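Residues 0 to 1096 (numbering that gives the first Met the number 0) are what the sequence shown spells out, left to right. I have placed the structure first, in the form of structure tokens, so that the comments after it can refer back to it.
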Amino acid sequence: MAKRKEGNFFSPGNAKRPRQEELDDFDKEGDEDECAVSFTNGTSALTAAEVGIIESIQLRNFMCHSMLGPFKFGSNVNFVVGNNGSGKSAVLTALIVGLGGKAVATNRGSSLKGFVKDGQNSADISITLRNRGDDAYRASVYGDSIIVQQHISMDGSRSYKLKSETGALVSTKKEELIGILDHFNIQVDNPVSVLTQEMSKQFLQSKNEGDKYKFFMKATQLEQMKEDYSYIMETKERTKEQINQGEERLTELKRQCLEKEERFQSIAGLSTMKTNLEYLKHEMAWAVVNEIEKQLNAIRDNIKIGEDRAARLERKTEEQQVRLNEAEKKYKDIQDKLEKISQETNARAPECMALKADLTSKKRAYNEAEVLYNHSLNEYRALKKDDEQLCKRIEELRKSADQSLEPERLERQKKISSLKERVKVLQDQESSVNQEIEQFQQAVEKDKEEHTRIKREELDVKNTLNYNQRQLKELKDSKTDQLKRFGPHVPALLEAIDDAYRRGHFTCKPVGPLGACIRLRDTELALAIESCLKGLLQAYCCDNHADERVLQALMKRFYSPGTSRPQIIVSEFRNEVYDVRHRAAYHPEFPTVLTALEIDNAVVKNSLIDMRSIETVLLIKNNSVARAVMQSQKPPKNCREAFTADGDQVFAGRYYSSEYTRPKFLSRDVDSEISDLENEVENKKAQISNLQQHLSALEKDIKHNEELLRRCQLHYKELKMKIRRSTSEIRELENIEEHQSVDIATLEDEAQENKIKMKMVEKNMEQQKENMEHFKSLKIEAENKYDAIKQKINQLSELADPLKDELNLADSEVDNQKRGKRHYEDKQKEHLDTLNKKKRELDMKEKELEEKMSQARQICPERIEVKKSASILDKEINRLRQKIQAEHASHGDREEIMRQYQEARETYLDLDNKVRTLKRFIKLLEEIMTHRYKTYQQFRRCLTLRCKLYFDNLLSQRAYCGKMNFDHKNETLTISVQPGEGNKAAFNDMRALSGGERSFSTVCFILSLWSIAESPFRCLDEFDVYMDMVNRRIAMDMILKMADSQRFRQFILLTPQSMSSLPPSKLIRILRMSDPERGQTTLPFRPVSQGEEEDQG
């Protein structure tokens, strides 16, 4: 592969790589090394590129264009400008495809046939590459240019023609094209060489640090080096396997060689071998008897162990029955308690209503008595005041003799009449205001009750909205990976399980989640099956407890403490499905959960049978039909429960409604589910908005009515004060007697009558007080009774809530104990079948022992002690027989025996030499790979540091500051940029930048990669799409500056901008593409010189 010197556009006078001494100074322990790199400005004196650049390109019937080109490109900077649809991206796409790139790499299609223009049978691409100078590829054959022609057919196939400068055909093989591209270091799938419009947009908008790291690795070819190292290590492992196989073969060859040697050395021992053969036959006869006796003893031991286990299983079954009886008793006790509480609550309800009515009447009687008492008290106080005034008046009359007060009396009478009329008006106003107070109080109370109800409804809707939003997020995540429906960590957990299984940490690979292993026969039953299986859909199965502990340790890596983890079911894996025909429910119209599911894995099916008894649960879509089947008549045989299409659970005596309205795991139409959930989320948001508006309106009404109520209460108090003052003034005026017209005796009589009246009122007041106290005691007693029964009812409700939870737990416990009992019964039946089978095998072995002993006595009457096994003896007998036969067959032909021995020995020594050579090669390869991997890490650190320095220097041209943090362990690249002076603010992630700032920073990143990556040309499609004019101009200056410093490279930039503001330069060529006209077959495409561009501008 040809390598050209890299031109540093910051230091064009010295465009060389760092010296080895500089590389050796790097710190080998970290990636954040420091290296001195000088940056200077200037114009490069390097010559134009000689190999690998694009001289021209021509297209026919490609994409939507009948004819494009030929386009003549300059050796340095080329701008392809034109409006959208003019064919700019088609040129770049043709460049990728024409040089052997895949269709998907263009982001314009998934197949080559999609690039053939509609209505045409084929498309053609012709690309001319420069091939000059000392690094030219087969210059004597191709000349100064290489023409690459590609023909694309309608069926998606393509063919190549590689021609010389004169047009002579040189090759039609793709391998030749690959050789040319490798020689020129052209990588059309490298985004640094060719950055398409779609890839540019994705990269600009990408927020994934891993994508940036992959971009860096691919651009610098470090990724290819890493893959090459991986391939070498795989080759090393395969070589080790070959060595192991060779060593096994060596053992066999050594055995054969020894046999040949033994045969060679024992030609004369035929009689001895025959004697040994007879003795071996005797030993063989009694060795068979010994082995059968051992087998009999093993079977007897197994039967004894089996009988012990049968007894244990019997005890387990009995213990399980006891636990089941206890669970059922506990369930019945809780149910009885709940029933008793419900009956007691219902029984107390009428009493509570009666006590409430009685309390209301007692309050009303107490209020009336209090009003009467207050009235008497006020009357008594008024009479007492009158008495005091009469006494005072009598005393004044006695002292005064003035009789000239008639005009004053008339004035008092007139004023009294006026005050009485005023009191009447005020009392009418008081009654009206009192009614208004009652109305406002009722309005406030009603609004507050409505406010509380709506607040509670708003909370319920918010909870539902949060649940729907979480479910919507999970559904959207599951579109890219179905396994994410069972939890966001499930794909990573399954990868960890696969990796652990490959490493041998599991005896048997765990199975799960179970929901991913089942399929629905009828999608309408999805919610019913989810309501039945619940958490089992996310559960995993393990073969043994050791595997369970390994899986628990893996789960700790993905599920933080305190969060819910999937259930792990431990049960021995079986390849056969349980035979449940004798205990399965059956109905001619409705399926069970077992028959409604397609389950290929026997472990999954057996686990669901064990844990949920799915063979006994019916699925009935209609709710009323489900009630009729399960409750109106005797349930079908073996049927414990049923589920409806709405997820409701139906028992023979109970019915539980489902909390969910849609399936979460088993739904097929994810898009429809997402659409429905999005609509529901919007509806819930609108509902919350309406409720909040209603709450706001209610709060305003409450505040307004409370303000009016306060004003009315103040007005009511003012009216009361005015009435009291007027009444008091009337009494004072009425009690004033004139000195001349009133006789003292009359006043004394009136005072006496007033005293008598005071005594009567006082007596009446005492009676009213007694009545008020009596009614108050009755009211307190009624309040205590009502509070007591209300508290009792509340206590009963509080007792009922935990009992309901306990009832659900007890019901689950009953189901678990039933499943446990059924599990032990099945185990017991299976074990007894195995035990009986062993006993039958024992009988057969005993008969076989008798037969073998009879045969052994016929061969050798006396039993001999045998230490070798029958299989070893059989091999020795066969080998001895073969030797004897071989000796008979080869008797007298010693040369043939010697030849076979020599061949066996040479084969063994040759293979032994090869194995030793491979071992030395593996050892040397490991040393070389260790050294090369260290060099790779050092090279990666050098490229990383250079990229950081170039990036920081490019940012500084706009007074930006930036940092690039490479994490090679986690394969992430974090870029932080701060616009303006870096010492005034903290660095920001690129996501916090504006579109133009982010695009400028990304261009700086790409230019940094350009500075460290080798490629004869660079292509950018609409690199300035998100930039404003300032950032576009700065980025353009930077690109032109780099191009000027790297004249040995070619730059092809596609943009919809006019590029009229470019500086005049012979190194810049602008190719302007006109918009296609109706009926036009060939697009006008011509180079525009810098002067013409300025004239047009």
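Each residue gets a CB set at the ideal place from its N, CA and C atoms; glycine is no exception. Model, not experiment: these values are computed from the prediction.
Asked: CB of R347 within 7 Å of CB of I729, strictly; Found: no
Asked: CB of R59 within 7 Å of CB of L111, strictly; Found: no
Asked: Range of the contiguous alpha helix (DSSP H) that encloses S55; Found: Premise fails: S55 lies in the beta strand (DSSP E), 50–61, not in any alpha helix (DSSP H).
Asked: Where D123 falls: helix, strand or coil (DSSP); Found: strand
Asked: Rounded C-alpha distance that separates K419 from S796; Found: 59 Å
Asked: DSSP beta-bridge partners of F70; Found: I56
Asked: L358 versus N366: straight-line alpha-carbon distance, rounded; Found: 12 Å
Asked: Beta carbon of G99 nearer than 7 Å to that of D188; Found: no
Asked: Those runs of the alpha helix (DSSP H) which lie wholly inside the stretch 720–805 and span at least 4 residues; Found: none
Asked: R939, buried or exposed, once every other Cβ within 10 Å from all chains shown has been counted against 16; Found: buried
Asked: Minimum C-alpha distance to N82 - residue among I1038, Q1049, E1021; Found: E1021
Asked: Per DSSP, cross-strand counterpart(s) of M963; Found: I974
Asked: Per-residue DSSP class, three states only, for R564; Found: coil
Asked: Segments assigned beta strand (DSSP E), at least 3 residues, entirely inside the stretch 486–541; Found: 517–519, 539–541
Asked: Exposure label - S430; buried when at least 16 CB within 10 Å; Found: exposed
Asked: C-alpha distance - A595 paired with R520, whole-angstrom precision; Found: 6 Å
Asked: Distance, K454 Cα to E444 Cα; Found: 15 Å
Asked: Own chain residues within Cβ distance below 8 Å of I701, not counting five before or after; Found: V443, D446, K447, H450
Asked: With 16 other Cβ atoms within 10 Å as the buried cut-off, status of K922; Found: exposed
Asked: I619 and A641 closer than 7 Å at C-beta; Found: yes
Asked: Three-pair Cβ contact test at 8 Å for the stretch 674–687 versus the stretch 516–533; Found: no
Asked: CA-to-CA distance, F114 to S657, given in whole angstroms; Found: 54 Å
Asked: Validate contact between the stretch 681–691 and the stretch 334–342 using beta carbons, cut 8 Å, 3 pairs; Found: no
Asked: N- and C-terminal bounds of the alpha helix (DSSP H) containing R611; Found: 601–611
Asked: Where G155 falls, given that 16 or more other Cβ within 10 Å makes a residue buried; Found: exposed
Asked: Three CB pairs or more closer than 8 Å across the stretch 317–325 and the stretch 814–824; Found: yes
Asked: Cβ contact (3+ pairs, closer than 8 Å) linking the stretch 599–615 and the stretch 565–582; Found: yes
Asked: C256 in three-state terms, based on DSSP; Found: helix
Asked: A644 and M629 closer than 7 Å at C-beta; Found: no
Asked: Same chain only: Cβ atoms within 6 Å of R16, ignoring 5 sequence neighbours per side; Found: Confidence in R16 is poor, its pLDDT being 37 and thus under 50, which makes the residue's placement too unreliable to answer from.
Asked: Same chain, Cβ closer than 7 Å to N433, neighbours up to 5 away in sequence not counted; Found: Y715
Asked: Endpoints, the beta strand (DSSP E) within which H182 is located; Found: That residue, H182, is in no beta strand (DSSP E); its alpha helix (DSSP H) goes 173–183.
Asked: Rounded C-alpha distance that separates S570 from K838; Found: 27 Å
Asked: Of the residues R248, S727, Q334, the one placed nearest V422, counting alpha carbons only; Found: S727
Asked: Pick from P509, V914, N543, R518 that is closest to M554, judged by C-alpha positions; Found: P509
Asked: Distance CB(M998)-CB(V976) smaller than 7 Å; Found: It should be noted that the sequence gives Ser, not Met, for residue 998. Their beta carbons are not under 7 Å apart, which means S998 does not touch V976 by this criterion.
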